[in-house]
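Read the structure below first, then the notes.
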Amino acid sequence: MPPIIQVNQLGKTYQVPEREAGLGAAVRSLVQRKYREVKAVEHISFEIVPGEVVGFLGPNGAGKTTTLKMLSGLLYPTSGSATVLGHVPHKREKAYLRQMTLVMGNRNQLQWDIPALDSFELNRAIYGLPEAEYRRTRDEFIALMEVGELVKKPVRNLSLGERMKMEIIGALLHKPQVLFLDEPTIGLDVTMQRRLRQFIAEYNRRTGATVLLTSHYMADVEALCKRVIVIHHGQLLYDGDLSGLTQRFAAYKTIGVTLDEAGRDVSAYGEVVETDGALVKLRVPKAETARVTAQLLNDLPVSDLTVEDPPIDDVIERVFAQGNAGPEAR
Amino acid sequence: MKDLLDFYWQTMKTSIIVQFQYRAANYFYMIGMIAEPVIYLVVWSAIANAQGGSVGGFTAGQFAAYYIVWTLVRNMNIVFTPHGWEWRIRQGQLSGMLLKPMHPLHNDVAYFAGWKVAVIIMWLPIAAILVVAFRPELNPTPLEIFIFFFAIWGAYLIRTMVLWMLGMITFWTTRVSAIYELYFALELLLSGRLVPMGLMPDWVQTLSSFLPFKWTFQFPIEALVGNLTPEQLWQGLGMQALWIALTYASGELIWRAALRQYAAVGN
């Protein structure tokens, strides 16, 4: 299947004015401005096929949002190229804008003083949606999000979570084929996060839309994405399955062993990462897991034993900490 | 075209709904704005009366007509302020507009046009009070009323696009207040806002003919209260059309350059 998003050596460099503190520096900056280059995104390349839901991960300042803004046409790239749905995003052709959407968490695009229903009507006019099709889509989304009564309230009277639901509905009324979601669940409570994830998954299932999602909540990524792209310091670190991320960057397992009595020294068997009474958690290399497990069961009075992959949060943290170059090819 | 008209209608409707929610605020704003022309009117009327009934060919009644119509034209001239661009960029509102298949200029033109409809409705009782208080000399012909109707919208469009261009300086620097103040000072002197242009020196009148300011204030007011010939009325509309085309074309060039510059900062 030909890719729907093609990114080739894409880069974005900002010229940021720089000046020191103080009155003297302020006066000097009037005649002599200093700039420094900030490489927000550097030579990234990837392809996404239609219908994929891809997690786009990275620490703060990694270049995720900059990449999404280039792909949505908000920013001109400094180098490289990108095509989405066969269009060059920064040309901002109407045909392209009608087929995509960028949703940024905590961002209010609806009219503040009027009910969300009126804002939806405005979106209908902006996108030129046929009346019958618009009403069908609108009512479908309102039912999915369970906001039937809330759509008649002025947006300013809604809670953050309720507003976010309306924002998502408003952003998807034109049934875009490509969704760029930049931390859509930020600031929402657990229930609302779950609801939004379900909605996105359902939208993807019903329409076959392609989703590129950034989030700092690994629950979002684990629930929605089979594939992740990791970016750090503007460069790609990893592009592949979520499970492969663990294999590549965290080649260890966590063995939780509950002994008959507390206080035993088990450091000879592996790295002790946690102790809680009689429960001890050990980190061991993956290749050693079977041998260490057998040894523990043989040597010690074990009442319970578990073997787990490291939490994905820990894996991501290790990825960021390592910051190695060289993406893994799919 | 049908979609564009639908967009304008929906946006104007939204604007009217919002403005009627804030009718008290709008009334207070309009009443506060009335202070400016009333001061000019009182001062010039006093000067006219002191000089035997008229000054520069304007009687007290003609000054009253000028400044009462001024209040409507002034309201029609209120458009998206250049100061708003920095806020719009920082709040992320501009990014949201750029993601949609509709030029943001259409949004501003349509939204403020809806606002004007609400303002005109709210202005009528204020105008009635001013008419009773100051007894203007006002006997427009059907042609003058017709031209005036289009001239106030022409003024609105010209000022929208001139201030859009001014506001777009924000894409390159946020240190723009001084530039804006200079513009507004020039507008005050060269538009007919401060004083009817007929009372200004000849060289100022000549200068103003080559600038857009006069076509946003003086011409619409004169169309209704002045003694313009039918030829001058139609020529005035033609000049407004020319300025609309010029400012639109220039604005579009600056807009394309501004988008390349845009860093999409903010929320």
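Chains A and G, in that order, are what the protein sequence lines are.
According to this note's numbering, the first sequence is numbered sequentially starting from 1.
According to this note's numbering, the second sequence is numbered sequentially starting from 1001.
Backbone N, C-alpha and C define an ideal beta-carbon position, used for all residues, glycine too.
- prompt: Which residues bound the alpha helix (DSSP H) around residue 44(A)?
  reply: Numbered from its first residue, the first sequence carries residue 44(A) at position 44. Not the alpha helix (DSSP H): residue 44(A) falls in the beta strand (DSSP E), residues 34–48.
- prompt: In or out: residue 1001(G) buried (at least 16 other Cβ within 10 Å) or exposed?
  reply: Here residue 1001(G) corresponds to residue number 1 of the second sequence, with the count starting at 1. Residue 1001(G) is exposed by the Cβ-count criterion.
query: Which class does residue 71(A) belong to by DSSP, given the choice of helix, strand or coil?
result: In the first sequence, residue 71(A) corresponds to position 71, counting from 1. In the structure shown, residue 71(A) sits in a helix (DSSP, three-state: H, G or I).
message: Looking at the secondary structure, which residues open and close the beta strand (DSSP E) in which residue 123(A) lies?
response: The sequence position of residue 123(A) within the first sequence is 123, counting from 1. Per DSSP, residue 123(A) belongs to no beta strand (DSSP E); it is in the alpha helix (DSSP H), 116–127.
query: Closest to residue 17(A) by CA distance: which of 211(A), 33(A) and 200(A) is it?
result: Reading the first sequence from its first residue, position 17 is the one you call residue 17(A). When only C-alpha atoms are compared, the closest one is 33(A).
message: Going by DSSP, what residue range makes up the beta strand (DSSP E) through residue 178(A)?
response: Within the first sequence, the letter at position 178 stands for residue 178(A). 178–182 is the extent of the beta strand (DSSP E) around residue 178(A).
query: Can you name, in chain order, every residue of its own chain whose Cβ lies under 6 angstroms from the Cβ of residue 1134(G), other than the five neighbours on each side?
result: Indexing the second sequence from 1 puts residue 1134(G) at position 134. Here the set comprises 1064.
- prompt: Which bits of chain G does residue 14(A) rub up against, with CB to CB less than 8 angstroms?
  reply: Here residue 14(A) refers to the residue found at position 14 of the first sequence. By Cβ distance, chain G contributes 1263.
query: Is residue 1014(G) close to chain A, meaning its C-beta is less than 7 angstroms from at least one C-beta of that chain?
result: Translated into positions along the second sequence, residue 1014(G) becomes position 14. At least one chain A Cβ lies under 7 angstroms of residue 1014(G).
- request: Use the C-beta contact count for residue 60(A): other C-beta atoms within 10 angstroms, 16 or more gives buried, fewer gives exposed.
  value: Working through the first sequence from its first residue, we reach residue 60(A) at position 60. Exposed, since its Cβ has fewer than 16 Cβ neighbours within 10 Å.
field: Unbroken alpha helix (DSSP H) run spanning residue 1175(G), endpoints
entry: By 1-based counting over the second sequence, the position of residue 1175(G) is 175. No alpha helix (DSSP H) holds residue 1175(G); DSSP gives it neither H nor E.
- request: Please determine, among 1043(G), 1039(G), 1103(G) and 1237(G), the residue with the shortest C-alpha to C-alpha distance to residue 1256(G).
  value: On the second sequence, residue 1256(G) is found 256 positions in, with the first residue counted as 1. With distances taken between Cα atoms, residue 1256(G) lies closest to 1103(G).
query: Is it true that the stretch 1247–1254 of chain G meets the stretch 1224–1234 of chain G, where meeting means three or more beta-carbon pairs spaced less than 8 angstroms apart?
result: no
query: Just curious, the beta strand (DSSP E) that residue 307(A) is in, first and last residue?
result: Along the first sequence, one-based indexing puts residue 307(A) at 307. Element bounds for residue 307(A): 302–308.
task: Answer with buried or exposed for residue 1007(G), where buried requires no fewer than 16 other C-beta atoms within 10 angstroms of its C-beta.
output: Here residue 1007(G) corresponds to residue number 7 of the second sequence, with the count starting at 1. Per the 10 Å Cβ criterion, buried.
- prompt: Mind checking whether residue 1161(G) and residue 1247(G) have CB atoms under 7 angstroms apart?
  reply: The sequence position of residue 1161(G) within the second sequence is 161, counting from 1. The sequence position of residue 1247(G) within the second sequence is 247, counting from 1. A contact, by the Cβ cut-off of 7 angstroms.
- prompt: Residues of chain G with a CB under 9 angstroms from the CB of residue 183(A): which are they?
  reply: For this step, residue 183(A) is matched to residue 183 along the first sequence. Under the 9 angstroms cutoff, chain G gives no residues; its nearest Cβ is about 12 angstroms from residue 183(A).
- request: Report the three-state DSSP secondary structure of residue 227(A) (helix, strand or coil).
  value: The residue you call residue 227(A) lines up with position 227 of the first sequence. In the structure shown, residue 227(A) sits in a strand (DSSP, three-state: E or B).
- prompt: Rounded to a whole number of angstroms, what is the C-alpha to C-alpha distance between residue 1245(G) and residue 188(A)?
  reply: Here residue 1245(G) refers to the residue found at position 245 of the second sequence. Here residue 188(A) refers to the residue found at position 188 of the first sequence. Between residue 1245(G) and residue 188(A), the C-alpha separation is close to 48 angstroms.
field: C-beta contact flag for residue 63(A) and residue 40(A) at 7 angstroms
entry: Locating residue 63(A) in the first sequence gives position 63, where the first residue counts as 1. Locating residue 40(A) in the first sequence gives position 40, where the first residue counts as 1. Yes, these two residues count as a Cβ contact at 7 angstroms.
- prompt: Quick one: is residue 104(A) buried, meaning 16 or more other Cβ sit within 10 Å of its Cβ, or exposed?
  reply: Within the first sequence, numbered from 1, the residue matching residue 104(A) stands at position 104. With 16 or more other Cβ atoms within 10 Å, it is buried.
field: Ordered list of alpha helix (DSSP H) runs contained in the stretch 1085–1128 of chain G, each at least 4 residues
entry: 1093–1098
query: Is any beta-carbon of chain A found at less than 7 angstroms from that of residue 1235(G)?
result: Within the second sequence, the letter at position 235 stands for residue 1235(G). No, no contact with chain A.
field: Extent of the continuous beta strand (DSSP E) run through residue 9(A)
entry: By one-based count along the first sequence, residue 9(A) stands at place 9. Where residue 9(A) is concerned, the enclosing beta strand (DSSP E) stretches over 5–18.
message: Does residue 1020(G) pass the burial test, meaning 16 or more other C-beta atoms within 10 Å, or should it be called exposed?
response: Along the second sequence, one-based indexing puts residue 1020(G) at 20. The residue in question, residue 1020(G), is exposed, as its Cβ has fewer than 16 Cβ neighbours within 10 Å.
- request: Report, in whole angstroms, the separation of the C-beta atoms of residue 1079(G) and residue 1163(G), which I expect to be a contact under 8 angstroms.
  value: As a first step, residue 1079(G) must be located in the second sequence, where it is residue number 79. As a first step, residue 1163(G) must be located in the second sequence, where it is residue number 163. With 8 angstroms as the limit, residue 1079(G) and residue 1163(G) qualify as a contact, their Cβ atoms being about 6 angstroms apart.
CB of residue 1045(G) within 7 angstroms of CB of residue 1035(G), strictly: Within the second sequence, the letter at position 45 stands for residue 1045(G). Within the second sequence, the letter at position 35 stands for residue 1035(G). No, the pair does not count as a contact, with Cβ atoms beyond the cut-off.
- prompt: Using 8 angstroms as the threshold, is the stretch 79–87 of chain A in touch with the stretch 128–148 of chain A, meaning 3 or more CB pairs across them?
  reply: no
task: Please state whether DSSP places residue 1255(G) in a helix, a strand or coil.
output: Against the second sequence, residue 1255(G) aligns to sequence position 255. If DSSP states are grouped into helix, strand and coil, residue 1255(G) belongs with the helices.
field: residue 1019(G) at chain A interface by Cβ criterion, 7 angstroms
entry: On the second sequence, residue 1019(G) is found 19 positions in, with the first residue counted as 1. Judged by the 7 angstroms Cβ criterion, residue 1019(G) is not in contact with chain A.
- request: Flag residue 76(A) as yes if its beta-carbon sits less than 7 angstroms from any beta-carbon of chain G, otherwise no.
  value: The count along the first sequence starts at 1 and reaches residue 76(A) at position 76. By this cut-off, residue 76(A) is an interface position.
query: Which residue spans inside the stretch 135–181 of chain A form an unbroken alpha helix (DSSP H) run of at least 4?
result: 160–172
field: Reference residue 65(A); option with closest CA among 1095(G), 1075(G) and 1196(G)
entry: Start at 1 with the first residue of the first sequence, and residue 65(A) comes out as number 65. It is 1095(G) whose Cα lies nearest to the Cα of residue 65(A).
field: Short CB-CB distance (under 7 angstroms) between residue 7(A) and chain G
entry: The count along the first sequence starts at 1 and reaches residue 7(A) at position 7. Closer than 7 angstroms: no.
- request: Using the Cα positions of residue 1074(G) and residue 1126(G), report the straight-line distance between them to the nearest angstrom.
  value: The count along the second sequence starts at 1 and reaches residue 1074(G) at position 74. The count along the second sequence starts at 1 and reaches residue 1126(G) at position 126. Those two C-alpha atoms are separated by around 14 angstroms.
- prompt: What residue from 306(A), 178(A), 248(A) and 146(A) has the CA that sits closest to residue 198(A)'s CA?
  reply: Counting from one through the first sequence, the residue named residue 198(A) turns up at place 198. With distances taken between Cα atoms, residue 198(A) lies closest to 146(A).
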